[in-house]
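Colleague: First residue of the sequence shown: 25, per this note's numbering; consecutive thereafter.
Backbone N, C-alpha and C fix where the C-beta goes; we use that ideal spot for every residue, glycine too.
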Amino acid sequence: MFAYIVRRLIAVIVMLLVVTLVTFGIFFAIPKLTGADPAALYVGKQADPATIEGIREKLGLGRPILVQFWDFVTGIFAGRDYTGGGTTVRCDAPCFGYSFRTEQAIWPVLKDRLPVTLSLAGGACVLWLLGGVITGIVSALKRGSGWDRGAMTIALSGVSLPIYFTGLLSLAIFRDGLGWVDGEYVDFAVDPGAWFGGLVLPWVTLAFLYAAMYARLTRATMLEVLGEDYIRTARAKGLGEPVVIGKHAMRSTMTPILTILGMDLGALVGGAILTETTFNLPGLGQAAVKAISDRDLPLILGVTLIAAVAVVVANLVVDLLYAVIDPRVRLS
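1. By the DSSP assignment, the beta strand (DSSP E) with ARG114 in it spans what residues?
2. Pick out whichever of THR177, LEU83 and ALA239 has its Cα sitting closest to the Cα of ILE284.
3. Is LEU153 near the ligand NAP, judged by its Cβ being under 7 Å from some heavy atom?
4. Would you tell me roughly how many angstroms separate the C-alpha atoms of ARG104 and THR98, rounded to the nearest one?
5. Taking 8 Å as the cut-off, decide whether the C-beta atoms of GLY191 and THR229 are in contact.
6. Around the C-beta of PHE300, are 16 or more other C-beta atoms found within 10 angstroms, so that it is buried, or is it exposed?
7. Report the rounded CA-to-CA distance for ALA372 versus SER143, giving the unit in angstroms.
8. Tell me the rounded alpha-carbon separation between GLY49 and TYR188.
9. Is there contact here, the stretch 243–254 with the stretch 270–285, by at least three beta-carbon pairs under 8 Å?
10. Can you tell me which of the three DSSP states ASP206 falls into?
11. For the alpha helix (DSSP H) that LEU250 lies in, which residues bound it at each end?
12. Below 8 Å on the Cβ atoms is my guess for ASP206 versus GLY222; work out the distance and round it to an integer in Å.
13. Under the DSSP definition of a beta bridge, which residues are partnered with THR107?
14. Buried or exposed for THR245, please, with buried defined as at least 16 other CB atoms from any protein chain shown within 10 angstroms of its CB.
15. Please work out which residues of its chain come closer than 6 Å, Cβ to Cβ, to GLY160, disregarding the five sequence neighbours upstream and downstream, and give them in chain order.
16. When you compare only the Cα positions, how much space is there between LEU138 and ASP211?
17. From the DSSP output, in three-state form, read off SER317 for me.
18. Could you name the residues of the same chain whose beta carbon sits closer than 6 Å to that of GLU208, not counting the 5 residues immediately before and after it, in chain order?
19. What are the residues that DSSP puts in a beta bridge with SER359?
20. Need the endpoints of the alpha helix (DSSP H) that ALA175 sits in, please.
21. DSSP on THR58, reduced to helix/strand/coil?
22. Given a cut-off of 8 Å, decide if PHE124 and ILE76 are closer than it, judged by their beta-carbon atoms.
23. Kindly indicate the opening and closing residues of the alpha helix (DSSP H) around ARG80.
24. Looking at the structure shown, is ASN304 part of a helix, part of a strand, or coil, going by DSSP?
25. Are the Cβ atoms of LEU45 and VAL333 separated by less than 8 Å?
26. Since GLY326 contacts GLY121 with CB under 8 Å, what's their CB separation in whole angstroms?
27. I need the DSSP call for ASP211, collapsed to helix, strand or coil.
28. Quick one: grab the DSSP three-state call for LEU282.
If you want it as structure tokens, here you go:
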């Protein structure tokens with residue numbers, strides 16, 4: 025098991041380096057190949073040639089791309105200085121770049137917005153796991169019943185309806201109509217009650233979409249597992265139905281659920297763009313939308329790297345959980 029964990033950690037480090045290299049190349053190497061000037065992309069179309077040249081000098085955009093990549097990676101761990109035009113700007117570690125559009129380092133912006141996205145993703149994840157998995161299990165055990173048909177119909181609606189529609193509808197009903205929530209995000213350290221009130225609608229809206237998918241997956245997987253020989257053997261041995269379902273069937277059912285959970289949760293940590301925009305949550309997704317509209321390339325790069333790291337780390341955790349759930353992973 026220790027060797028398995030070490031192998032996975034080494035693979036994660038290599039993957040993160042590859043992802044960082046590819047992402048960096050997209051933002052810095054590809055524009056050069058297409059004839060675009062990365063410095064001009066940084067400062068916008070209205071900048072004069074002197075400003076563009078100053079940005080090129082500060083960012084080192086005239087240096088070889090591998091040298092630029094090395095400076096970027098070392099800056100994450102040790103920080104870096106941007107020097108040019110007689111001025112020096114210090115970007116402390118971890119330095120994910122510096123935005124000359126907003127004149128601030130990227131990491132503080134990401135650090136301020138990351139708790140919002142983590143709160144949204146974490147709360148919604150708890151709701152959709154509980155709702156989706158329990159609904160799928162009950163539907164599988166009551167296959168063909170009224171509960172099964174009704175639950176799967178609602179699940180199909182949840183998958184089909186776009187999140188901006190359900191989000192705006194929930195705001196119209198519960199905030200504007202009934203006045204149950206105010207819909208404004210408040211930091212947890214300031215007021216836990218207001219923090220919960222500001223996130224409950226985004227949680228439910230986001231969880232409704234994902235719970236629908238998890239309910240359908242859980243139902244299909246559980247029905248397949250219940251038809252396996254070892255389930256029939258467990259029942260023939262006289263084991264109670266709670267033991268058969270909870271101890272034997274659920275372990276096999278959870279494997280595909282964990283797989284998509286790692287992907288979904290990792291992607292959401294990179295920013296639930298539609299949800300954050302609909303509910304005006306100051307998270308990474310909203311920051312990415314604003315950075316795209318402002319052509320703020322360093323911030324876009326920073327959000328992209330955070331999303332990539334989240335997906336890779338989430339899949340590492342899922343791989344380790346496989347060994348807990350499935351003994352075959354530990355034996356291999």
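Modeller: In short:
1. 111–115
2. Comparing Cα-Cα distances from ILE284 to each of THR177, LEU83 and ALA239, the minimum goes to ALA239.
3. In terms of ligand content, the structure shown is empty, and the ligand NAP therefore cannot be addressed.
4. A straight-line Cα-Cα distance of about 8 Å links ARG104 and THR98.
5. Cβ atoms of GLY191 and THR229: closer than 8 Å.
6. The question names Phe, but residue 300 in the sequence shown is Glu. Buried is the call here.
7. Past the boundaries of the shown model lies residue 372; the chain is included only from 25 to 356, so the question cannot be answered.
8. When rounded, the distance between both Cα atoms is 33 Å.
9. yes
10. coil
11. 216–250
12. ASP206 to GLY222, Cβ: 7 Å. Contact.
13. THR112
14. buried
15. ALA239, THR242 and ARG243
16. 12 Å
17. helix
18. GLY222
19. With the chain represented from 25 up to 356, any question about residue 359 goes unanswered, as that position is not in the structure.
20. 170–184
21. coil
22. The beta carbons of ILE76 and PHE124 sit no closer together than 8 Å.
23. Where ARG80 is concerned, the enclosing alpha helix (DSSP H) starts and stops at 73–83.
24. coil
25. no
26. 6 Å
27. DSSP, reduced to helix, strand and coil, places ASP211 outside both helices and strands of the structure shown, so it counts as coil.
28. helix
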